[in-house]
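What follows is a single structure, written as structure tokens, with notes after it.
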Amino acid sequence: MTTTRSRVWRDGKEVARDFPFEQISDHLAQKDELTWVDICAPDHELLENLAGELSLEPLAVEDALARIERPKALRYASHMFFTVYAAEIDTDAADDPADGVADRVMMHKVSAFIFHNGVITVRSPEFDIDDVLQRWEDNSDLLRYGVGALTHGLLDAVVDSHFTAVQVLDDAIEDLEDVLFDESAVGNRVQRATYRARKDLVDLRRIVLPMREVVNGVLRHRRDENAPRELDASYDDLYDHVLRVTEWTESLRDMVSALFETNLSLQDSRLNNVMKKLTSWAAIIAVPTAVTGYFGQNVPYPGFDQWWGFLLSSGVIVLLGAILYVVFRRKNWL
Numbered sequence: 001m002t003t004t005r006s007r008v009w010r011d012g013k014e015v016a017r018d019f020p021f022e023q024i025s026d027h028l029a030q031k032d033e034l035t036w037v038d039i040c041a042p043d044h045e046l047l048e049n050l051a052g053e054l055s056l057e058p059l060a061v062e063d064a065l066a067r068i069e070r071p072k073a074l075r076y077a078s079h080m081f082f083t084v085y086a087a088e089i090d091t092d093a094a095d096d097p098a099d100g101v102a103d104r105v106m107m108h109k110v111s112a113f114i115f116h117n118g119v120i121t122v123r124s125p126e127f128d129i130d131d132v133l134q135r136w137e138d139n140s141d142l143l144r145y146g147v148g149a150l151t152h153g154l155l156d157a158v159v160d161s162h163f164t165a166v167q168v169l170d171d172a173i174e175d176l177e178d179v180l181f182d183e184s185a186v187g188n189r190v191q192r193a194t195y196r197a198r199k200d201l202v203d204l205r206r207i208v209l210p211m212r213e214v215v216n217g218v219l220r221h222r223r224d225e226n227a228p229r230e231l232d233a234s235y236d237d238l239y240d241h242v243l244r245v246t247e248w249t250e251s252l253r254d255m256v257s258a259l260f261e262t263n264l265s266l267q268d269s270r271l272n273n274v275m276k277k278l279t280s281w282a283a284i285i286a287v288p289t290a291v292t293g294y295f296g297q298n299v300p301y302p303g304f305d306q307w308w309g310f311l312l313s314s315g316v317i318v319l320l321g322a323i324l325y326v327v328f329r330r331k332n333w334l
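Okay, so the sequence shown: first residue is 1 according to the working numbering, each after it adds one.
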């Protein structure tokens with residue numbers, strides 16, 4: 001179900017909220033006002049009507065309605081448009097034996113049409129717009145600098161969600177490192193956990209890596225529009241966060257690859273140890289077989305048909321088996 005919300009600020013002070021949807025163009029036409037309109041779960045007809053009223057680019061409207069779209073930032077004649085995704089890790093997702101490893105990275109899409117003095121956000125219901133609105137209210141003194149403050153607050157909330165998601169994956173990988181060298185851990189568990197971490201990182205990188213292009217596009221738009229310089233420090237900090245989360249995901253990918261290779265090496269090492277133990281015990285067991293087989297010949301030998309002959313053969317078995325056991329223990333084969 002489509003829902004809408006709206007706010008209007010003048011000189012950083014809120015002057016209107018939740019005005020009728022038909023008044024969007026009137027508020028955007030006021031040069032001394034800063035307007036925000038939020039459209040949650042929009043239908044095609046609503047956006048088509050809005051596009052006709054505000055001269056929105058049809059390609060941008062199509063991207064806003066698409067369920068899955070690559071993060072991007074594009075400039076058009078009358079407005080700028082970008083699509084980004086907030087991230088969330090579902091730690092309660094359980095693997096289905098029939099379907100394999102479950103998808104844990106949940107992506108919440110939000111698109112924005114940026115005008116000279118207003119922003120229209122188009123989002124999925126899962127995206128927490130209340131968090132963005134709270135950021136704007138907590139930094140209401142910045143709103144007097146125009147639409148750049150709204151854009152920064154929105155992108156900052158998205159990048160912070162990326163940080164949170166990467167932190168969750170980082171913690172999961174650290175837990176996996178502890179399990180990796182646990183001899184009592186089940187090998188299948190480590191393999192599934194490693195594959196899950198790699199899969200989560202691949203999904204997260206799809207929305208994290210393009211953020212540099214999105215923020216760069218917004219920065220170029222601000223320079224071309226001669227936007228107020230008071231927000232430059234905030235955007236520099238935002239760009240730094242984008243770089244940090246990108247580098248973090250890259251380092252985690254390298255770490256997961258190292259874990260995967262280490263797990264394979266440990267499996268090979270454990271298999272070699274098992275083969276050593278089997279070979280050692282086979283050699284020890286071969287001793288009584290050889291001795292009893294030798295003394296079982298149908299020819300007379302020392303102790304043949306005598307009780308002390310039995311004791312002699314048993315002693316030989318025990319002595320040779322003990323010698324082999326000591327030798328294998330020294331070589332760490334047992």
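Even for Gly, the Cβ is constructed at its ideal location relative to N, Cα and C. Predicted model only: the values in this text are computed from it and were never measured.
Are the CB atoms of T91 and E69 nearer to each other than 8 angstroms?
-> no
Compare the beta carbon distance of L259 and L169 with 8 angstroms and say whether it is the shorter of the two.
-> no
So what's G315 in DSSP terms, helix, strand or just coil?
-> helix
Collapsed DSSP secondary structure at E250 in the structure displayed = helix
Does the distance from the C-beta atom of D63 to that of S111 stay below 8 angstroms?
-> yes
Give me the Cβ distance between T4 and A41, rounded to the nearest whole Å; I'm assuming they're in contact under 8 angstroms.
-> The Cβ separation is near 10 angstroms, so there is no contact.
Unbroken beta strand (DSSP E) runs of length 3 or more, entirely within the region 30-58: which are they?
-> 34-40
Mapping DSSP to helix, strand and coil, what is T292?
-> helix
Per DSSP, R189 is paired with what?
-> In DSSP, R189 forms no bridge with anything.
In the structure shown, what three-state DSSP assignment does G309 receive?
-> helix
Do H108 and E88 have their C-beta atoms closer together than 8 angstroms?
-> yes
For the beta strand (DSSP E) that M1 lies in, which residues bound it at each end?
-> First-last for M1: undefined, no H or E at that position.
Exposure label - W36; buried when at least 16 CB within 10 Å = buried
Among L50, K277, T194 and L219, which has the Cα closest to the Cα of S257?
-> T194
Using the C-alpha atoms, what's the distance from S234 back to V215?
-> 12 angstroms
From the DSSP output, in three-state form, read off R345 for me.
-> Missing from the structure shown is residue 345; the chain here goes from 1 to 334 and no further.
Provide the residue span of the beta strand (DSSP E) that contains G118, from first to last.
-> G118 to R123
Report buried or exposed for A322, applying the criterion of at least 16 other Cβ atoms within 10 angstroms of its Cβ.
-> exposed
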